[in-house]
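K.L.:
Sharing a structure, written as structure tokens. Questions coming.
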Amino acid sequence: MQILYGHQAIDSPLGPIVMTIGTYDGLHLGHQAIVERIVDRARKTGSRSLVYSFFPPPWRVLGRGQNPYLILTLQDKIDLMHDMGVDYLLTEEFTPELQSISHHDFTRDVLQGRLDPREIHVGYDFHFGRDRGGDWQFLREYFHETETQIRPHGAVRVDDSIVGCTLIRQHICNGDLDSAAQLLGRYHFVRGAVVRGRGRGRTIGFPTANIDPKTELIPPAGVYAVCLQVGNSQDLLPGVANLGFRPTFAEKKFAIEVHLFDWSGDLYGERVRVHFVGRVRDEMRFDGPEELVQQIHRDIAQVRSSLPFPPPPQSRVTWDPKPDKVAGQS
Numbered sequence: 182m183q184i185l186y187g188h189q190a191i192d193s194p195l196g197p198i199v200m201t202i203g204t205y206d207g208l209h210l211g212h213q214a215i216v217e218r219i220v221d222r223a224r225k226t227g228s229r230s231l232v233y234s235f236f237p238p239p240w241r242v243l244g245r246g247q248n249p250y251l252i253l254t255l256q257d258k259i260d261l262m263h264d265m266g267v268d269y270l271l272t273e274e275f276t277p278e279l280q281s282i283s284h285h286d287f288t289r290d291v292l293q294g295r296l297d298p299r300e301i302h303v304g305y306d307f308h309f310g311r312d313r314g315g316d317w318q319f320l321r322e323y324f325h326e327t328e329t330q331i332r333p334h335g336a337v338r339v340d341d342s343i344v345g346c347t348l349i350r351q352h353i354c355n356g357d358l359d360s361a362a363q364l365l366g367r368y369h370f371v372r373g374a375v376v377r378g379r380g381r382g383r384t385i386g387f388p389t390a391n392i393d394p395k396t397e398l399i400p401p402a403g404v405y406a407v408c409l410q411v412g413n414s415q416d417l418l419p420g421v422a423n424l425g426f427r428p429t430f431a432e433k434k435f436a437i438e439v440h441l442f443d444w445s446g447d448l449y450g451e452r453v454r455v456h457f458v459g460r461v462r463d464e465m466r467f468d469g470p471e472e473l474v475q476q477i478h479r480d481i482a483q484v485r486s487s488l489p490f491p492p493p494p495q496s497r498v499t500w501d502p503k504p505d506k507v508a509g510q511s
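Heads up: the sequence shown at position 8 corresponds to 189 in my numbering, and the numbers run straight through without jumps.
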């Protein structure tokens, strides 16, 4: 996959492309349906697939009173797009200058002028341009005398709930990782680097990897069943993680500590992903290290009993009709 930073980096035709455009934070099941579709259509039409995405997302720059945590880092988005078989990822820094461009000018100068795609696939709620003035209907009207086809997609639902980032964030913030995984199609993960801690885990018999997170959206304090993925390895190392302030030791800084099962080695400085499989319990304060050790033994036994970890839970997935079908267009 080739990464393009900003539309101005495209100074020559990319050839025939099938594309989608959107923020794509989370890359949840609804996003995946569109991305998989453009990859499939590109292969069938002898084209290349392109995802045009924004980072940071428009709502963070516009500051409309809400500033939720991002589910994915930019590197996460790059990695997941690569795994899905996307040919080009065009990542655009969303700036006030870009926001000030009208939907008509953006379509003329960027979508048509720089990209000139064969097909543009967008979500049912897609809007773009100054004051969110453009949508799939505008694109269809603009391109109606060209060979570019506009393909809007209906919402994806899991158990009758529309899959969306707001609901996913709520589930993760509530520690409901099963519900989040059903909408994401994978376990939520936190990206970070292993840093040196105080070494307390090793002194009580449970050495831990201390994670400095780059991910913004972190589950609440508590104990979790996790898998650790190191660097570019596809291996998933099972373990148990404690998230919180370690009240037994009166710590004040939030920490992510992962104890791996049946593993030894030096992870300092390694880039890792912590995949959250399930919540075990809330964070607790103990009268001393002895009680803490006893509880850690119980936590580990509980998590070990569920090995090997199951795949993310599956639910009934349905697709709403495509918006153009509802509107009577083709």
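Idealized CB from N, CA, C, for every residue including glycine. Keep in mind it's a predicted model, so treat the numbers as computed, not measured.
Per the DSSP calculation, residue 330 is bridged to which residue(s)?
P.N.:
If you number the sequence shown from 1, residue 330 lands on position 149. Answer is 300, bridged to residue 330.
K.L.:
Could you check whether residue 216 and residue 267 sit closer than 8 Å to each other, using their CB atoms as the reference points?
P.N.:
In the sequence shown, counting from the first residue as 1, residue 267 sits at position 86. In the sequence shown, counting from the first residue as 1, residue 216 sits at position 35. Yes, these two residues count as a Cβ contact at 8 Å.
K.L.:
Rounded to a whole number of angstroms, what is the C-alpha to C-alpha distance between residue 201 and residue 299?
P.N.:
Taking the sequence shown and counting its residues from 1, one reaches residue 201 at position 20. Taking the sequence shown and counting its residues from 1, one reaches residue 299 at position 118. So the alpha carbons of these two residues sit roughly 11 Å apart.
K.L.:
What number of angstroms, rounded off, separates the C-alpha of residue 393 from the C-alpha of residue 286?
P.N.:
Working through the sequence shown from its first residue, we reach residue 393 at position 212. Working through the sequence shown from its first residue, we reach residue 286 at position 105. C-alpha separation (whole angstroms): 42 Å.
K.L.:
Measuring alpha carbon to alpha carbon, tell me which residue in 502, 377, 221 and 318 is nearest residue 288.
P.N.:
Here residue 288 refers to the residue found at position 107 when the sequence shown is read from its first residue. The option with the nearest alpha carbon to residue 288 is 318.
K.L.:
Out of 497, 391 and 385, point me to the one whose CA is closest to residue 478's CA.
P.N.:
Counting from 1 along the sequence shown, the entry for residue 478 is found at position 297. Checked all of 497, 391 and 385; the closest Cα to residue 478 is 385.
K.L.:
For residue 393, report the span of its beta strand (DSSP E) as first-last.
P.N.:
On the sequence shown, residue 393 is found 212 positions in, with the first residue counted as 1. Element bounds for residue 393: 390-394.
K.L.:
Could you check which residue in 423, 414, 482 and 362 has the C-alpha nearest to that of residue 492?
P.N.:
Within the sequence shown, numbered from 1, the residue matching residue 492 stands at position 311. Per the Cα distances, 362.
K.L.:
Quick check: the stretch 357-377 against the stretch 395-408, are there 3 or more CB pairs under 8 Å?
P.N.:
Contact holds: three or more Cβ-Cβ distances are below 8 Å.
K.L.:
To the nearest angstrom, report how far apart residue 501 and residue 307 are at their CA atoms.
P.N.:
Against the sequence shown, residue 501 aligns to sequence position 320. Against the sequence shown, residue 307 aligns to sequence position 126. Going by the C-alpha atoms only, they are around 15 Å apart.
K.L.:
Is DSSP giving residue 512 helix, strand or coil here?
P.N.:
Within the shown structure, residues of the chain are numbered from 182 to 511, placing residue 512 beyond reach of any answer.
K.L.:
Going by Cα to Cα distance, which pick from 488, 407 and 359 is closest to residue 495?
P.N.:
In the sequence shown, residue 495 corresponds to position 314, counting from 1. Per the Cα distances, 359.
K.L.:
Relative to the C-alpha of residue 416, which candidate in 408, 422 and 474 has its C-alpha closest?
P.N.:
The sequence position of residue 416 within the sequence shown is 235, counting from 1. Cα-wise, what sits closest to residue 416 is 408.
K.L.:
Please work out which residues of its chain come closer than 7 Å, Cβ to Cβ, to residue 471, disregarding the five sequence neighbours upstream and downstream, and give them in chain order.
P.N.:
If you number the sequence shown from 1, residue 471 lands on position 290. Cβ-Cβ distances below 7 Å link residue 471 to nothing in the same chain once the five nearest sequence neighbours on each side are left out.
K.L.:
Can you grab the Cα-Cα spacing for the pair residue 365 / residue 209, in whole Å?
P.N.:
Here residue 365 refers to the residue found at position 184 when the sequence shown is read from its first residue. Here residue 209 refers to the residue found at position 28 when the sequence shown is read from its first residue. Whole-angstrom Cα-Cα distance: 4 Å.
K.L.:
Within the continuous alpha helix (DSSP H) that includes residue 362, where are the two ends?
P.N.:
Counting from one through the sequence shown, the residue named residue 362 turns up at place 181. 358-365 is the span of the alpha helix (DSSP H), which, as asked, contains residue 362.
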